[in-house]
Amino acid sequence: MTTKTLTITDDTVVEWSDDGTTWASLPGAQKVSFPEEQRDYKDKTSLDSVGMHKEWSRGLIDSGEITLGCFYTKELFAAASAKKALATPTYFRVTLPIDIDQSTGDQFAWQAWISPSLPDVEVGNDLMLDIKQKVTGAVTWTQGTAAV
């Protein structure tokens, strides 16, 4: 398997959706973040634990909180604010650039509750819009299609 180092470029596609069916490009995306899953562990140590060693069982997985950074536009802020008001989480997917042995890039998808916010900006710099996300449910990975 031959691979190259992938770079986040304009070949990277960042999209969002209200229903997971109809997708729209997230305009002005400048920073791509991916959810990082963290598993909880439950302490199962008891007086019967051998050698005074702690014992653990696996618990639930939390996909955490991430931020997608975009260049600010009033239209994007309005769209993000409308999605924040929805009673359901927003769908996100990121398609990576294709590797040399692929015809389509790998894709990561998740759902999140969102909150748009404006980060601090110094005079003379671009105004940004952060789309903060509390990821809900599992993150899926779909491997890109192999080149023929």
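The numbering of the sequence shown is the numbering used here, which starts it at 17 and goes up by one.
All residues carry an ideal CB built from backbone N, CA and C; glycine is no exception.
Endpoints, the alpha helix (DSSP H) within which residue i is located
i   : result
V92 : Rather than Val, the amino acid found at residue 92 in this sequence is Leu. Run containing L92: 90-100, per the alpha helix (DSSP H) assignment.
Beta strand (DSSP E) segment containing residue i, residue limits
i    : result
Q118 : Neither: Q118 is in no beta strand (DSSP E) and is coded neither H nor E.
F87  : 81-87
G153 : 144-158
P132 : 123-133
Beta-carbon gap between residue i and residue j smaller than 8 Å
i    : j    : result
L84  : V48  : yes
Q118 : T161 : yes
D165 : D64  : Residue 165 is absent from the structure shown; the chain starts at 17 and stops at 164.
K133 : D142 : A small correction: the amino acid at residue 133 is Ser; Lys does not occupy that position in the sequence shown. No, the Cβ-Cβ distance between S133 and D142 is not below 8 Å.
E81  : V164 : no
K90  : S131 : no
Distance between residue j and residue i (C-alpha atoms, nearest Å)
i    : j   : result
A95  : D59 : 43 Å
M144 : L42 : 14 Å
W148 : F87 : Here residue 148 turns out to be Lys, not Trp, going by the sequence shown. Rounded to the nearest angstrom, the two C-alpha atoms are 14 Å apart.
The region 103-113 / the region 124-132 touching (three or more Cβ pairs under 8 Å): yes
The region 26-33 touching the region 108-116, judged by at least three CB pairs closer than 8 Å: yes
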